[in-house]
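Shown next, in structure tokens, is the structure this report addresses.
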Amino acid sequence: MIEIDGLRRRMAWLAAGMFVLVCIGCGRSDPQSFSRDLGGRVVLNEKGEVESLYLGRTRVTDADLEKLATLPQLKQLFLN
0 MIEIDGLRRR MAWLAAGMFV LVCIGCGRSD PQSFSRDLGG RVVLNEKGEV ESLYLGRTRV
60 TDADLEKLAT LPQLKQLFLN
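Mapping to numbering that gives the first Met the number 0: the sequence shown position 51 is 50, numbers consecutive.
Encoded structure:
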């Protein structure tokens with residue numbers, strides 16, 4: 000049981016690290032990359048900027064939410 004928990008923990012850290020590497024600058028080069036990586040949906044404004052972000056039923060973490068700072072035009076965030 001302890002080995003399985005350790006493996007899960009390592010896999011979670013690996014996944015988080017990969018996510019960070021993929022999402023550096025999310026919302027700037029590809030506005031939809033942030034939600035695509037998490038499995039959510041975005042609504043873009045007429046300038047192609049992320050205006051609404053739907054992350055319901057995703058495994059978003061506090062660290063993921065910190066990346067929202069790269070989305071200056073974000074007006075609505077749905078986490079239900």
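Backbone N, C-alpha and C define an ideal beta-carbon position, used for all residues, glycine too.
Please state whether DSSP places R56 in a helix, a strand or coil.
-> coil
Buried/exposed call for V42, threshold 16 Cβ in 10 Å = Exposed: under 16 other Cβ atoms inside 10 Å.
What first and last residue would you give for the beta strand (DSSP E) that runs through L76?
-> 75-77
Locate the beta strand (DSSP E) running through L43, then write down its first and last residues.
-> For L43, the enclosing beta strand (DSSP E) starts and ends at 40-43.
Distance, Cα to Cα, D4 vs E45?
-> D4 and E45 have their C-alpha atoms some 46 Å from each other.
Pick out whichever of R35, G38, W12, Y53 has its Cα sitting closest to the Cα of L73.
-> Y53
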